[in-house]
Every structure is written in structure tokens, then in C-alpha cells.
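Asker: Count the sequence shown with mature numbering (1 follows the signal peptide of the UniProt record, and there is no 0) and you get residues -27 to -1, 1 to 414, in order. Ideal Cβ positions, reconstructed from N, Cα and C, are used throughout, including at glycine. Just so we're clear, the structure is a prediction, and the values are computed from it rather than from any experiment.
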Amino acid sequence: MRAVLAGAGLALTAAATLISASQATVAEDPGALKPLTSPTELGRLRLTEQLVPERSLDRLEAAMGRPAGVDAVLAGADHALRTEDACTAGEKKALPVEPAATRAYCWDTADAATHRWRPESVTTSGDAEAYGRWGAHRVILSGWTREGGGALDRDLARVAFVNADDPDRLTYTWALLAVPVDGGRDYRGLASHVSGMVWYQDKLLVTTSGSEPDALYVYDLRRIQRATVTTDAIGRVPGGWSAYGYRWVLPAVASYRPAQGQCGDATGTARAAATTAGSGLPCPDGLSLDRTSTPAGLVASETTARGSGGHTRLWRYSFSTDPARSGLLAADSTGTVTADEAYETRTDGVGGVLSHRTGPTGPARWYLSRVAGSSGGHGTLWRQDLHGAEATRCGSSDDTHRCWGDGTGSLSYWEATGELWSLSGRTLFALPLSSVERELR
């Protein structure tokens, strides 16, 4: 009798475990997207455009010298990315399990070892131009954030300009992101995380956070300035201009601020309060370009902490079709930018977002990378639409959908090559979007 009862107890325990695992897996399935259509919900997404006065940019240019372009920056590349075979075992462990990356790169050993700076976002010349090149070059841009250590040591942001002409030898150099001050007589460093980044036409749009009150900053890639003094200072210094030791600096030319408030205060509490509840002021955290919409659209997602149970909003703005406003968002005569559409997903911890249509009239499919539950773990790549959700899967255990990278890196689709680019840990990787589709189930 004791043996029978023990066997029955084990069976019940096993059944309960299976049910619990099944429920956990089902609970993480975000299901279908929920459209947000009320004027109140859409009103929270409105932005106000603020252009840096042309006279301020001209004054800065007159003091610093004639701006350079992307070609000049690439010509001065002084670092090299390591190919996958030269990456460490720990760096390669961060790569997706299934589908596997077809190309992977690791930063040079000094940049890979630094703990103050970390890569967060990626965009490419495939975003900038439909044919995939900027002039004669294939280019990758990666946004990095420096963690500030206190009130007097604020966050900073830099961009790696990567020459990707030779897939076996990627070289890069750094440019500091800055904001003009004092009417263009000086500049300060952008004190923000750059978790999202999109290069469209001649403009680079990046997300902001922390002490920056704006939602997005805009940089003109035809207005890259040379620093003339190599120090840790930022801005005008005795003898010239410094950019935290980097050779290049990008001064912002515009920004977008939420029409109903701001994205953060000195401690970032406004952003945290908005995104924790999932019902306040949404501020962009993930960004990507959607070339399959007409006109091309900027796709955004907010951030909610993984495991918080909060829902995440996704939305889209159109880019301007006015040739005089290349790379800027479509705005009305008052400078107001309105979201074209918005959705809510029942998942939290969204790191990267991408929207893509399979045809000119087909529905948009939204791809969301959900961050890993633990440091060094793997995240999940979901595809959602109005009908449901699917995830890439690997293995044969009950928990088979944690197959992506760590999920913290942004997503960027290079239309000319069909590749999806992202970051995991400190590893830059690419794989065909078609391979993602094959693994979705």
C-alpha cells in the first residue's frame, strides 16, 4: 500500500510540475496585439518638434571648421572588429541558439573589456538608403552608453562608425553625441542611454533617457565636426574643442519632446513612473525603421521591467516626404507629430522592436525581443500581429522559446540583404529574417 501511495504521490507531483510548466509557458505568450484607438491614448504619443536654430549650428561650424561626412569618419577608422572565430567563448555564448547567427563580430579587446561603456543599439546604411549603401560604403552604426557614477559624472553616448565593405574585416572609429548650448558657442555631451537608434536619409535619430527631457534627439550625418584637442573634457577648451578624447563629435540639430510632458527629470523618475504603470506618458526605448510602410515609418516601443507584468505599447510615426525636411518626422504647421497607429502587447521587458510587412497590402508583423530573465541568459524573439503571437523555439524541453540573444539589443532590418541585425551582450550579429520565419511556431 505504501508503494502504491508513494507512486501515486510521485505521479501527482509530476503532473503538477507539468501543469505548472505549461501554465508558465502559456502565461508568457503575449497573444494578439490590442489596437489603441482612443484620442486619449493616441494623444499621449504626440511629439513636439524642436529644431536647433540654424544660426546656432552655423556659429558652431564657423568656430570648429567645415563639417565632415561619413566617408571622412570611415577613412579614419582606428579599431577593428574581431570575426566570430576570434571571439571568446563567453562572447559567442551570447549569440542566438536558434536560428543561429550567420555573421557575428566582437569589438576590439579594449572596447570589449570596458565596463563603463556598453553597446545598446544598431542601425545600418540599409536603413539610410533602400539600396543599402551610403555613397560607396556599407556602414553599420552602433550606439553605446557610458554609465555615470554620480551627480557630477553623468551618462554619455557615443556611436561606433563601422566600415562593413569587407565582411571579413570590419573597422570602426568613435564619435561623441553632443547637444549645442549657448547659441552654438559650445556643446555638452548627450547625457542619455541610446537604447534605440535609426539612420534614415541623412539623419540619425536616437532615444533619450535620464536627465534628458526629450524623447528623441536628431543628428545630421552631414554635420560631423572634428575635435582638435584630445582630453576628457567636452566642448570648448583652451586651444580648441574636445570630445572626451574622441576625434569626432555630432552636435544635435533637432529633438522631439512629448507634447504632454517630458521623458525624465534629474533622476529619471518621470520616465520610470510612466512606463511602470503602462498607462502614463510613453517614451520611446526601442526604435527601428519600417520601409514597408508608406511613407517609411519610425517604429517605437516603451520599456517595462521584465517580470513586472506590465503591458508594453508599440507605435509608429511617419517620416516627412518634404525634400527640405529629409530624415525628420512628419509634423504639422505647429511642429506637432502624431502617431499613425499604436498597439499594446501583454509582454514586458521588450528590448528591441521591428515592424515589417510581407507585401504592400499585407498586415504588419511586429517582432519583439524580450530580455533574458537572468544575466548571461537567452531572451525570446516574438512575432505578433492582430491574430496572435509566435516565438522562435529550440530544444525539446518545456521551456523552448528562450533561444534569442539576451534581448537587450535593438533590431534593424537591412532590406537589400534580407538580414536582421542586433546585439547580444557585446556581440554584434546578423542572420536572415527568413531564418527567423522558419523557426517561428
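1) So is Ser(-6) buried or exposed if we call it buried at 16+ other beta carbons inside 10 Å?
2) Based on Cα-Cα distance, which residue from Arg17, Asp2, Glu1 lies nearest to Glu314?
3) Could you compute how far the alpha carbon of Glu93 sits from the alpha carbon of Glu64?
4) For Gly156, which three-state DSSP category applies?
5) Using alpha carbons as the reference points, say which of Trp339, Gly349, Gly352 lies closest to His360.
6) In chain order, which alpha helix (DSSP H) runs of at least 4 residues are fully inside the stretch 81 to 127?
7) In whole angstroms, what is the alpha-carbon distance linking Ala73 and Gln233?
8) Does Arg195 pass the burial test, meaning 16 or more other C-beta atoms within 10 Å, or should it be called exposed?
9) Out of Lys66, Gly49, Trp80, state which residue places its alpha-carbon closest to the alpha-carbon of Arg55.
10) Can you tell me the Cα-Cα spacing of Gly213 and Leu20, whole angstroms?
11) Candidates Gly162, Ile113, Val152, Gly121: which alpha carbon is nearest Pro140's?
12) Kindly indicate which three-state DSSP category Glu388 falls into: helix, strand or coil?
13) Near Thr204, which residues of its chain fall below 6 Å by C-beta distance, leaving aside the five closest residues on each side in sequence?
14) Alpha carbons only, please: which of Val171, Leu406, Arg158, Ala48 is nearest the one belonging to Arg76?
15) Count the other CB atoms within 10 Å of the CB of Tyr104; is the residue buried (16 or more) or exposed (fewer)?
16) Just the C-alpha distance for Ser274 and Pro336, rounded to the nearest angstrom, thanks.
17) Excluding the five sequence neighbours on either side, which residues of its own chain have a C-beta within less than 8 Å of the C-beta of Ala225, listed in chain order?
18) What does a CB cutoff of less than 6 Å around Thr248 pick up in its chain, not counting 5 residues either side in sequence?
19) So, under 8 Å CB-CB, Leu287 and Thr265 are touching, yes? Tell me the CB distance rounded to an integer number of Å.
20) Whole angstroms are fine: how far does the CA of Ala45 sit from the CA of Asp210?
21) How about Ala101 and Trp147: are their beta carbons less than 8 Å apart?
22) Taking the straight line between their C-alpha atoms, what separation do you get for Val(-24) and Gly350?
23) In whole angstroms, what is the alpha-carbon distance linking Thr180 and Asp2?
24) Between which two residues does the beta strand (DSSP E) carrying Leu178 extend?
25) Enumerate in chain order the residues of its own chain whose CB-to-CB distance from Asp238 is below 6 Å, with the five nearest sequence positions on each side excluded.
26) Can you tell me whether Arg158 is buried or exposed, with buried defined as 16 or more other CB within 10 angstroms of its CB?
27) Do Ile207 and Pro40 have their CB atoms nearer than 8 Å?
28) DSSP has Cys79 in a bridge; who is on the other side?
29) Measuring alpha carbon to alpha carbon, tell me which of Leu9, Leu129, Ala345 ends up nearest Tyr219.
30) Once DSSP output is grouped into helix, strand and coil, what is the label at Ser29?
31) Grouping DSSP H, G and I as helix and E and B as strand, with all else coil, what is Ala216?
32) Smallest Cα separation from Ala62: which of Glu410, Gly398, Thr118, Leu404?
33) For Ala345, count the other beta carbons within 10 Å of its own beta carbon; 16 or more makes it buried, fewer makes it exposed. Which is it?
34) Buried or exposed: which applies to His166, given that a residue is buried once 16 or more other Cβ atoms fall within 10 Å of its Cβ?
35) Could you tell me if Ala250 is buried or exposed, where buried requires 16 or more neighbouring beta carbons within 10 angstroms of its beta carbon?
36) With H, G and I counted as helix, E and B as strand and the rest as coil, what does DSSP make of Thr144?
Answerer: Looking at the atomic coordinates:
1) Its pLDDT being 33, under 50, Ser(-6) is placed unreliably in this model, and the value from its coordinates should be taken loosely. Exposed.
2) Arg17
3) 15 Å
4) helix
5) Trp339
6) 82 to 86, 98 to 101
7) 43 Å
8) exposed
9) Trp80
10) 36 Å
11) Ile113
12) coil
13) Ser215
14) Leu406
15) exposed
16) 18 Å
17) Val25, Leu150, Ala151, Val152, Pro153, Leu163, Tyr190, Val191, Tyr192
18) Legend: pLDDT at Thr248 = 44, less than 50; position of this residue unreliable, value from coordinates given subsequently. For Thr248, where only same-chain residues beyond five positions count, the Cβ hits under 6 Å are Glu275, Thr276, Thr277.
19) With 8 Å as the limit, Leu287 and Thr265 do not qualify as a contact, their Cβ atoms being about 15 Å apart.
20) The sequence shown places Val at residue 210, not Asp. C-alpha separation (whole angstroms): 24 Å.
21) no
22) Model confidence at Val(-24) stands at a pLDDT of 43, short of 50, so the residue's coordinates are unreliable; what they give is reported in the following sentence. Their Cα atoms are separated by approximately 41 Å.
23) 27 Å
24) 176 to 180
25) Because the pLDDT at Asp238 is just 40, under 50, the model does not fix this residue reliably, and the value given afterwards should be weighed accordingly. Answer for Asp238: no residue qualifies.
26) exposed
27) no
28) Arg55, Thr400
29) Leu129
30) helix
31) strand
32) Gly398
33) buried
34) buried
35) Note that Ala250 has pLDDT 40, beneath the 50 cutoff, so the model's placement of it is unreliable and no number is given.
36) strand
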